[in-house]
Amino acid sequence: MKTYPNVFIFDHPLIRHKISILRDKNTSTKEFRELVEEIATVMTYESMKDVELVPVEVETPLERTVQYRVRAESVVIVPILRAGLGMVSGVQRVFPTAHVGHIGMYRNEVTLEPQEYYCKLPADIENKTVFLVDPMLATGGSACDAIVALKKRGVRNIKFMAIIGAPEGVEKVAKAHPDVSVYVSTLDRCLNAQGYILPGLGDAGDRLFGTK
Ligand code: PRP
Ligand code: URA
69 MKTYPNVFIF DHPLIRHKIS ILRDKNTSTK EFRELVEEIA TVMTYESMKD VELVPVEVET
129 PLERTVQYRV RAESVVIVPI LRAGLGMVSG VQRVFPTAHV GHIGMYRNEV TLEPQEYYCK
189 LPADIENKTV FLVDPMLATG GSACDAIVAL KKRGVRNIKF MAIIGAPEGV EKVAKAHPDV
249 SVYVSTLDRC LNAQGYILPG LGDAGDRLFG TK
């Protein structure tokens, strides 16, 4: 795949270790859910390298000093339902006070086109840094539509995080939204004829919620 300035592929050895367990069809729903949460936490740290810090005065036991903190209230987490829900608690470990919006999308199984069925976002979202989260970036249709929904609400600072990306989807989002940072833990080979990522991990929503 071509490189894009707005795409960041982690390929961290510890994340690769966890993803190898996620992929295993024998991994239980409980373990799958825990791993998705853990990976989301690590991804959040990695994707915040460019975050704006504000100066604060701190008194140590020895002296007063100026230090720097993240404005935690400036972050909103938006999962793409359903599977994105599994990443929310992982991001909340880093930003426990972040507000959470929801965008519901499902892929039409024949056309693979995303259908939006729900959208509820915090009222003051436009000035926030939004973490849009979904474990799977396949054709990129769901991510692109969710990004458009956020932009229509005036959001300008969007970070999209997916655990597994297919080259097709990563390129689609990167080209359609060069202003959005796209963070992917691992880049897989391709999509199959049904739009599933190979080698992938199957249907992330079903595996998270035990629905199949
Ligand atoms: C999955 C996944 C993404 C989407 C990715 O959701 O969680 O939202 O597919 O595919 P795309 O990049 O081709 O759009 P799905 O539609 O299966 O819904 P679910 O989360 O409710 O299971
Ligand atoms: N959605 C999933 O959950 N898995 C895939 O492989 C593709 C889309």
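Everything in the sequence shown is counted per this note's numbering, starting at 69 for the first residue and increasing by one.
Each residue gets a CB set at the ideal place from its N, CA and C atoms; glycine is no exception.
Judged by DSSP secondary structure, residue 163 falls outside any beta strand (DSSP E); it is assigned neither H nor E.
In the DSSP assignment, residue 220 falls within the alpha helix (DSSP H) that extends over 209-220.
The criterion of a C-beta distance shorter than 7 Å is not satisfied by residue 215 and residue 162. For residue 120, there is no enclosing alpha helix (DSSP H), as DSSP gives it neither H nor E. Taking residue 254 as reference, the option from 85, 73, 74 and 72 with the minimal CA-CA separation is 85. With 5 Å as the limit, the residues whose C-beta approaches a heavy atom of the ligand URA more closely than that are 204, 206, 264, 265, 268, 271 and 272, in chain order. DSSP, read as helix, strand or coil, puts residue 113 in helix. Under the DSSP assignment, residue 84 falls in the alpha helix (DSSP H) whose first and last residues are 81-91.
When DSSP states are grouped into helix, strand and coil, residue 182 belongs to the strand group. Per DSSP, reduced to three states, the secondary structure at residue 279 is coil, with no helix or strand assignment. DSSP, read as helix, strand or coil, puts residue 225 in strand. For residue 147, the enclosing beta strand (DSSP E) stretches over residues 143-149.
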